[in-house]
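Asks:
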Amino acid sequence: ISSERSCFFTRTIRGYSEAPDGPGGAERIYVDTGPGERHVLETYGACPELDWNYRIGIETRPAAGINLCTGDTATILVPRSVDGRPDRCAARVIGKVVDPA
């Protein structure tokens with residue numbers, strides 16, 4: 792994961808997948824943000840059903856606008872399997888995934 796500041800437009804999100812947990816067991820996900828590009832988001836605290844859900848939403852703060860950058864916070868919306876209403880999980884953008892050269 793690159794420590795350099797990196798941004799992506801929320802409209803370019805094409806999917807997500809599970810990522811290895813962060814320090815202290817924090818849940819992380821990869822967000823596919825373009826061809827061969829993905830970013831890592833890490834939740835603050837538990838995010839029930841994130842690991843096995845087929846769809847999520849990402850909500851940004853009005854000040855963040857339509858893009859998210861390293862260090863920005865967002866809300867991950869995860870539909871519950873029982874009633875479909877979403878759990879709201881606070882998360883932050885950790886950085887862009889870089890493949891070792």
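Sequence positions in the sequence shown follow the working numbering and run 792 to 892. Ideal Cβ placement from N, Cα and C applies to all residues, glycine included.
1) Output the distance between the C-alpha atoms of P804 and L832, rounded to the nearest integer angstrom.
2) In chain order, what residues of the same chain have a beta carbon less than 7 Å from the beta carbon of Y807, not counting five sequence neighbours either side?
3) Would Y835 pass as a contact of R796 if the rule is Cβ separation under 9 Å?
4) Alpha carbon to alpha carbon, how far is D816 from S794?
5) Using CA coordinates, which residue listed in P826, D812 and R852 is at the minimum distance from L841?
6) Among residues of its own chain, excluding the 5 on either side of R871, which ones have a beta-carbon nearer than 8 Å to its beta-carbon?
7) Cα-Cα, which of E850, A837, C798 and N844 is closest to V873?
8) Taking the beta carbon of R829 as the centre, do at least 16 other beta carbons fall within 10 Å, making it buried, or is it exposed?
Replies: Inspection of the coordinates gives the following:
1) For clarity, residue 804 is Ile in the given sequence; the question names Pro instead. For I804 and L832, the distance between alpha carbons rounds to 13 Å.
2) I820, Y821, V822, D823 and I847
3) no
4) In the sequence as displayed, the identity of residue 816 is Gly instead of Asp. If you take the alpha carbons of G816 and S794, they lie about 20 Å apart.
5) D812
6) P839, E840, P877 and D878
7) N844
8) buried
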